[in-house]
Amino acid sequence: MNIEAKLTEAVKKAITTLYGVEPQDAQIQLSKTKKEFEGHLTLVVFPFLKVSKKNPEATATEIGEYLLANEPAISAFNVIKGFLNLTIAPAVWVEMLNQINQTAHFGVTEADDNSPLVMIEYSSPNTNKPLHLGHVRNNLLGYSISEILKANGNKVVKTNIVNDRGIHICKSMLAWKKWGEGCTPESTGKKGDHLIGDFYVLFDKNYKAELAELQAKGMTKEEAEAASALMAEAREMLRLWEAGDQDTYSMWEMMNNWVYAGFDETYKMMGVDFDKIYYESQTYLEGKDKVLEGLEKGLLYTKEDGSVWADLTPQGLDHKLLLRGDGTSVYMTQDIGTAKIRFADYPIDKMVYVVGNEQNYHFQVLSILLDRLGFKWGKDLVHFSYGMVELPEGKMKSREGTVVDADDLMDEMISTARETSEELGKLDGCTPEEANEIAKTVGLGALKYFILKVDPRKNMTFNPKESIDFNGNTGPFIQYTHARIRSVLRKAADMGIVIPTELPADLNLSEKEEGLIQNLASFPSVVKDAGDNFSPAVIANYIYDLVKDYNQFYHDFSILKEENESLRIFRLALSENVARVIRTGMGLLGINVPDRM
RNA sequence: GGUCGGGUAGCUCAGCUGGAUAGAGCAACAGCCUUCUAAGCUGUGGGUCAAGGGUUCGAAUCCCUUCCUGAUCACCA
Numbered sequence: 028m029n030i031e032a033k034l035t036e037a038v039k040k041a042i043t044t045l046y047g048v049e050p051q052d053a054q055i056q057l058s059k060t061k062k063e064f065e066g067h068l069t070l071v072v073f074p075f076l077k078v079s080k081k082n083p084e085a086t087a088t089e090i091g092e093y094l095l096a097n098e099p100a101i102s103a104f105n106v107i108k109g110f111l112n113l114t115i116a117p118a119v120w121v122e123m124l125n126q127i128n129q130t131a132h133f134g135v136t137e138a139d140d141n142s143p144l145v146m147i148e149y150s151s152p153n154t155n156k157p158l159h160l161g162h163v164r165n166n167l168l169g170y171s172i173s174e175i176l177k178a179n180g181n182k183v184v185k186t187n188i189v190n191d192r193g194i195h196i197c198k199s200m201l202a203w204k205k206w207g208e209g210c211t212p213e214s215t216g217k218k219g220d221h222l223i224g225d226f227y228v229l230f231d232k233n234y235k236a237e238l239a240e241l242q243a244k245g246m247t248k249e250e251a252e253a254a255s256a257l258m259a260e261a262r263e264m265l266r267l268w269e270a271g272d273q274d275t276y277s278m279w280e281m282m283n284n285w286v287y288a289g290f291d292e293t294y295k296m297m298g299v300d301f302d303k304i305y306y307e308s309q310t311y312l313e314g315k316d317k318v319l320e321g322l323e324k325g326l327l328y329t330k331e332d333g334s335v336w337a338d339l340t341p342q343g344l345d346h347k348l349l350l351r352g353d354g355t356s357v358y359m360t361q362d363i364g365t366a367k368i369r370f371a372d373y374p375i376d377k378m379v380y381v382v383g384n385e386q387n388y389h390f391q392v393l394s395i396l397l398d399r400l401g402f403k404w405g406k407d408l409v410h411f412s413y414g415m416v417e418l419p420e421g422k423m424k425s426r427e428g429t430v431v432d433a434d435d436l437m438d439e440m441i442s443t444a445r446e447t448s449e450e451l452g453k454l455d456g457c458t459p460e461e462a463n464e465i466a467k468t469v470g471l472g473a474l475k476y477f478i479l480k481v482d483p484r485k486n487m488t489f490n491p492k493e494s495i496d497f498n499g500n501t502g503p504f505i506q507y508t509h510a511r512i513r514s515v516l517r518k519a520a521d522m523g524i525v526i527p528t529e530l531p532a533d534l535n536l537s538e539k540e541e542g543l544i545q546n547l548a549s550f551p552s553v554v555k556d557a558g559d560n561f562s563p564a565v566i567a568n569y570i571y572d573l574v575k576d577y578n579q580f581y582h583d584f585s586i587l588k589e590e591n592e593s594l595r596i597f598r599l600a601l602s603e604n605v606a607r608v609i610r611t612g613m614g615l616l617g618i619n620v621p622d623r624m
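Residues in the first sequence are numbered from 28 upward in steps of one, following my numbering.
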């Protein structure tokens, strides 16, 4: 049992004994004492004034005296206004560190056979262009939230739905066919996703030119769009693809494979992965059956042109199209189909979609529709909705060439990390392989932490002109602290020091040291909080606080040069556990921590 | 216009299930390396928590109104 739960019980008993009324748990507000006051935990006594019938100071003093007399863990208290600051006995701290030290996967709850299965969909790229900064946030959040939910005792299946069909792919295919002269990733030396992306841009360029030409001849914009020969060809290609035309299908397959090879490289560099990948080309027909079934049951309705709609006005929303007049599917229908297949594949207890907040409406509707069509889990699906990544001048716009490419960004971060490391002389004595590894770990750590430390729901700003910091509240700062601890532990091992699993209890600890143990001990509740609220940022901010605290300790106290042997060993154990929590916590963010840097 | 977010220091962000004098980092300035890694530590300056009202012993936090801002309301995905 942790110290807060223990004290909550003690306070409950104190109130019951003193005032004859058993307080509700919510009334017992125990929080970490602010650093300008003496003590470890603070009880707010205002809620008890009604039963104590005394002023705040008298009430706090009375409770404090009771606790001091009856709860061995309390060694002192002081009262300031309505706040009762409690000091916890030194032996309790050592015992707490012992417990942390002896816990195999501290902060992590392993899943067992009875654990709920959560499927998490993230990434979900289109195959007509490479991944950009927006995808980076999505991927990092998706991977991290998967790790966090695992650490909360869930079985997790990470999935990716690749949008590999539709008019956008046909545009790239058509441009390649017309102007590509048979080039390939091999012949051009370009990553497949970038090559396809270039043809997508090329299509757009030519299409624009065609529209301008037609408009110059006196057509309106709408007339020009309708008259465009290029767009007609693209649509014809889509028709051929859907009809199963062999040549079109082969070309589509070949070009998609180029893209997948490119994506795989990006994912690998980013350090994210998937347990199961779905392709829209394989799922987009599934939703149609379900919609027609709903139509038969009278849950949906048809318009004169044969299109199928859902009336969502009972839920305060609008009418939603599900099948076009020609019987083809829309996005919503595809998502219904995909969901159906997934739940046939896995015994899913909860479905989580990591998708940007621009699609809030879509998921609100999806939830209602799945529920209406008889999927019992529909109502409880989670849309993990995150904010956009914006540039200082606003949204990224591919037309204006302001899109920040994921591969470029990662490369830049890594080379900046390398330069910084070299300037600081951190790579002296490393093999080239080690130097590469460190630059990669640090560069990606900086990027990932930069993105994940922000509350996912909020939009965030990224300024490409200012490189991401390596000092202060950053990934490298945390990684550096870990490396320093590992360095101390290596030296300790060289000196033949072994850290025992049971530390001597009679230690005189400083406030800083007690505070660090208190901080460490709260890690499991932070992991839970992050899981409950779907927020990697909670973990990131916790680790930063811990590391900040540890660096002050590191600066103020000697570890290896401490003369008192018990204390020396205690500080080593404390440091080792701080390093463990840093590693585990950063692992939940998908960030590696190096042993040296 | 309807719906849903967001507005905290010059900048990037914490704090938001109500608690003590609103916190970090960056940027600026001033210190600290013969001592476990200075990607560190210490200090200085910087705030009408968008505005107004309400609830409360207590409001950045909860409620209402207004302002600003973003997303969305497609037979695109």
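Virtual Cβ for every residue (Gly too), placed ideally from N, Cα, C.
Note that this is a predicted model, so its numbers are computed, not measured.
CB of residue i within 8 Å of CB of residue j, strictly
i, j, result
"residue 603", "residue 516", "yes"
"residue 62", "residue 50", "no"
"residue 431", "residue 221", "no"
"residue 35", "residue 52", "yes"
"residue 181", "residue 143", "yes"
"residue 502", "residue 596", "no"
"residue 395", "residue 339", "yes"
"residue 123", "residue 570", "no"
"residue 282", "residue 151", "no"
"residue 101", "residue 113", "yes"
"residue 184", "residue 302", "yes"
"residue 22", "residue 402", "No statement about residue 22 is possible, as the shown extent of the chain runs from 28 to 624 and does not include it."
"residue 476", "residue 616", "yes"
"residue 564", "residue 481", "yes"
C-alpha gap between residue i and residue j, whole angstroms
i, j, result
"residue 248", "residue 230", "18 Å"
"residue 361", "residue 349", "9 Å"
"residue 313", "residue 215", "38 Å"
"residue 438", "residue 188", "26 Å"
"residue 72", "residue 558", "30 Å"
"residue 554", "residue 528", "24 Å"
"residue 287", "residue 511", "39 Å"
"residue 583", "residue 504", "18 Å"
"residue 280", "residue 355", "22 Å"
"residue 226", "residue 130", "55 Å"
"residue 67", "residue 420", "46 Å"
"residue 381", "residue 410", "6 Å"
"residue 201", "residue 307", "20 Å"
"residue 435", "residue 425", "15 Å"
"residue 404", "residue 375", "9 Å"
"residue 128", "residue 610", "14 Å"
"residue 325", "residue 315", "15 Å"
Cut-off 7 Å between Cβ atoms - residues of its own chain near residue i, not counting five sequence neighbours on either side
i, result
"residue 551", "134"
"residue 531", "593"
"residue 275", "264, 267, 268"
"residue 120", "536, 541, 544"
Cross-strand partners of residue i (DSSP beta bridge)
i, result
"residue 380", "148, 410"
"residue 236", "Paired residue(s): none; residue 236 is not in a bridge."
"residue 416", "487"
"residue 336", "328, 348"
"residue 306", "189"
"residue 104", "113"
"residue 57", "70"
"residue 421", "418"
"residue 136", "179"
"residue 184", "146"
"residue 556", "Answer by DSSP bridge pairing: none, since residue 556 is not bridged."
Own chain partners of residue i with C-beta closer than 8 Å, once the 5 adjacent residues on each side are dropped
i, result
"residue 335", "318, 319, 322, 327, 328, 329, 348, 349, 350"
"residue 284", "219"
"residue 384", "412, 413, 414, 415, 484"
"residue 546", "572, 573, 576"
"residue 93", "41, 44, 45"
"residue 522", "587"
"residue 390", "380, 382, 408, 410, 412"
For residue j and residue i, believed in contact at Cβ under 8 Å, the rounded distance
i, j, result
"residue 495", "residue 474", "6 Å"
"residue 400", "residue 363", "7 Å"
"residue 88", "residue 76", "About 13 Å; that fails the 8 Å criterion."
"residue 423", "residue 161", "7 Å"
Close Cβ partners of residue i (< 6 Å) along its chain, the five nearest in sequence each way excluded
i, result
"residue 74", "54"
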